[in-house]
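Letter by letter, the first sequence follows residues 1 to 492 in this note's numbering.
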Amino acid sequence: MSVRTRFAPSPTGFVHIGSLRTALYNYLFAKKHQGQYILRIEDTDQNRYVEGAVEGMIHALSWAGVCHDEGAVIEESKLVQKGDYGPYIQSERLDIYKKHIQQLLESGHAYHCFCSKDRIDAVREEQKAKGMLPKYDGHCRGISVEEAIKRIEAGEPYVIRLKLPHNRDIHFQDVVRGHVAVNTEDMDDQVLMKSDGFPTYHFAVVVDDHLMGITHVIRGEEWLPSTPKHVFTYEAFGWKAPEFVHLPNILNADKKKLSKRQGDVAVEDFIRKGYLPEGLVNYIALVGWSPEENQEIFSMEELIAQFSLDRVSKSGGVFDTDKLNYINAHYIKESSDERITDLAIPHLIAAGYITDLEAKERYQWLVDMVRVLKGYLSYVGEITQKVDMFFKKEIEPEDQEAAELLKLEHVPQLAELFEQKVIEAEIIDEEFGKRVFKEIQKETGIKGQNLFRPVRVLLTGSAHGPDMPLIIKVLGKQNILSRIEYVKEHLL
RNA sequence: GGCCCAUUGGUCAAGCGGUCAAGACACCGCCCUUUCACGGCGGUAACCCGGGUUCGAUUCCCGGAUGGGUCACCA
């Protein structure tokens with residue numbers, strides 16, 4: 001039987017970085033085994049409906065290159081469903097759940113519960129006060145189907161609960177944790193169908209995973225404690241349970257579950273900042289999984305080829321932005337100048353450096369600038385912090401070091417001579433930069449750091465930065481001349 | 001608190017009874033470079049604590065400690 005995996009998010013608005021990894025592992029495992037990877041939307045909580053969330057999530061996932069074979073997809077900007085096991089949106093499967101809950105009711109594995117919220121709360125309070133595990137007390141367990149029907153017809157609200165046997169150990173094998181057993185006394189008669197007619201997660205996952213032929217349930221470790229309920233439900237249906245694979249959490253620097261308070265957790269945040277999909281995916285693949293060989297940089301194809309569930313870690317890993325940056329910087333360096341330029345333009349516009357129109361008119365110039373800066377970026381959005389030297393009109397020494405360089409006694413002479421060379425130049429390209437330094441050196445005897453560094457400050461205000469000839473080329477004649485004029489007038 | 005899970009350098013992690021305990025990020029130093037990055041080379045730095053089992057435990061077992069997860073008509 002071919003492998004079928006699924007990523008089943010609840011459409012609450014964005015894709016958490018941990019969810020991306022879950023989706024990725026599902027995808028990698030399926031592809032590795034020539035199987036299918038499915039996207040199912042778990043929208044059984046009507047109170048949590050968020051407009052456009054599904055579209056947003058699909059967008060983020062496809063940005064990352066984690067593409068599903070079946071499920072909700074966007075075609076011609078419309079949300080449609082693809083595959084033979086649909087619908088893939090749980091709110092469209094209500095009749096399926098109704099049919100299946102009936103089966104459990106008939107087999108005695110589930111029962112109607114008419115307890116009010118108040119009663120249940122009171123029971124739980126009392127249990128807590130006594131130091132007991134708060135759980136449903138089984139008040140309605142004994143209600144017969146006939147009585148239940150009567151009460152339902154009378155309009156009483158109800159839920160349907162799973163009827164757990166007493167004191168029984170539920171066993172299952174988790175692919176990453178191994179054997180796990182939980183006693184039913186430590187479990188609750190979980191609500192399967194809510195009073196609004198929607199299934200709970202615990203019921204819908206089991207029904208859907210079975211009906212959709214899912215062979216491997218790969219999900220976050222927060223589901224580990226509720227897996228016994230699912231296992232029991234499979235059993236109640238007489239179904240074969242899939243393999244369970246519970247992934248360790250991704251943590252904050254303080255080792256707590258990655259949360260919004262402490263920085264970026266949504267893949268949308270990383271897209272916005274200008275991370276490349278290859279970078280994020282490559283990094284995230286490495287938190288919770290390690291390859292056999294000492295490899296760090298992986299394309300999606302390589303990940304697919306090398307991925308294996310038995311190399312998934314058992315314990316949570318801290319999300320390390322430094323390492324993400326390192327990997328992302330690698331991909332930025334490998335990318336074409338045009339690609340990075342295209343990504344950089346919105347940032348440059350937002351920062352007010354260029355307008356929409358200029359982005360088009362001066363595109364080639366922007367590409368040249370990006371070529372100079374590319375090697376300095378961890379993520380594309382960072383470019384707005386590095387680009388000032390190409391846009392500013394007034395050169396002021398950036399720091400003490402730059403100011404000192406400008407005070408050297410040969411600087412006026414240097415400025416004069418450099419300006420002259422630029423005025424005479426036909427074209428200002430990289431070669432010009434290289435040549436002019438040689439000429440000045442020959443004519444004046446000024447050389448090495450004494451030559452390059454003051455010129456750098458003269459032109460950029462900074463004592464450090466990218467290769468001078470490159471900067472000279474990007475700056476161009478007019479810029480260089482006006483900058484030297486400014487410095488001569490104000491600073492020398 | 002009950003239950004479940006985990007524990008190798010600051011971080012990600014390899015290791016699967018005998019190793020000088022890999023590698024990467026970060027950090028430090030050197031080289032390259034007019035400078036800063038990049039790159040290259042090198043360095044600092046770890047098996048949570050007790051008991052067992054064994055000729056021998058980071059590796060296996062049991063306790064403890066610590067951390068995390070979970071205890072909803074949310075997923």
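No residue lacks a Cβ here, since even glycine has one placed at the ideal position from N, Cα and C.
Leaving aside the five residues that flank R311 on each side, the residues in its chain whose CB is nearer than 8 Å to its CB run, in chain order, W289, S290, P291 and E292. The segment 165 to 175 makes contact with the segment 228 to 240: 3 or more CB pairs, one atom from each, lie closer than 8 Å.
Membership of A129 in the alpha helix (DSSP H) is indicated by the continuous run K117 to A129. Taking 8 Å as the cut-off, the beta carbon of D43 is found no closer than this to the beta carbon of S2. In the pairwise beta carbon analysis, the segment 30 to 43 is classified as touching the segment 4 to 20: at least three pairs are separated by under 8 Å.
Rounded to the nearest angstrom, the gap between the Cα atoms of I101 and A110 is 8 Å.
Note that the C-beta distance between T384 and A351 is below 8 Å. Selection K78, C140, D429 and F418 evaluated against I446 yields F418 as nearest (Cα-Cα).
No Cβ-Cβ contact shorter than 8 Å links A403 with V15.
In this structure, I149 sits away from Y158, with a CB-CB distance that is not shorter than 8 Å. A distance below 7 Å between beta-carbons, with the five flanking residues on each side excluded, links V487 to the following residues of its chain, in chain order: I395, A415 and L458.
In the same chain as S335, and ignoring 5 residues on each side of it, the C-beta atoms closer than 8 Å to its own belong to L276 and K374, in chain order. Looking at the DSSP output, T5 sits in a beta bridge with Y37 and H216. By DSSP's assignment, W289 forms a beta bridge with V312. Residue burial annotation: G178 is exposed, with fewer than 16 other C-beta atoms found within 10 angstroms of its C-beta. The alpha-carbon of P228 is positioned some 7 Å away from that of F172. Going by C-alpha positions, E443 is about 20 Å away from I428.
In this structure, DSSP gives M57 a helical state, which the three-state scheme calls helix. Shown here, V245 sits in a strand according to DSSP, grouped into three states. Taking all protein chains shown into account, I250 has 16 or more neighbouring C-beta atoms within 10 Å of its C-beta and is therefore buried.
For the set Y331, V182, Y85 and L133, the Cα lying nearest the Cα of G213 is the one of Y85.
Approximately 13 Å separates the beta-carbon atoms of G465 and P397; this is outside 8 Å, ruling out the contact. Assignment of beta-bridge partners to P199 by DSSP yields M193. When secondary structure is reduced to three states using DSSP, G178 falls in the strand class. Two segments are said to touch when three or more pairs of C-beta atoms, one from each, lie closer than 8 Å; by this definition the segment 71 to 84 does not touch the segment 12 to 28.
In chain order, L414, F418 and M468 place their CB closer than 7 Å to the CB of V455, counting only its own chain and leaving out the 5 sequence neighbours on each side.
Proximity to K421 across Q449, K393 and K477 peaks at K477, based on C-alpha coordinates. Assignment of beta-bridge partners to A266 by DSSP yields H16. Between the segment 134 to 146 and the segment 115 to 123 there are three or more C-beta pairs closer than 8 Å, enough to call the two in contact. At the C-beta level, L162 and L211 stay beyond 8 Å of one another.
Around the C-beta of I297, fewer than 16 other C-beta atoms lie within 10 Å, and the residue is accordingly described as exposed. When rounded, the separation of the alpha-carbon atoms in I89 and I41 is 5 Å. Within a 10 Å sphere around the beta-carbon of N328 sit 16 or more other beta-carbons, which makes this residue buried.
Taken through DSSP and simplified to helix, strand or coil, A72 comes out as strand. Beta-bridge partners of F172 (DSSP): V180. A buried status is given to H216, since no fewer than 16 other beta-carbon atoms sit within 10 Å of its beta-carbon.
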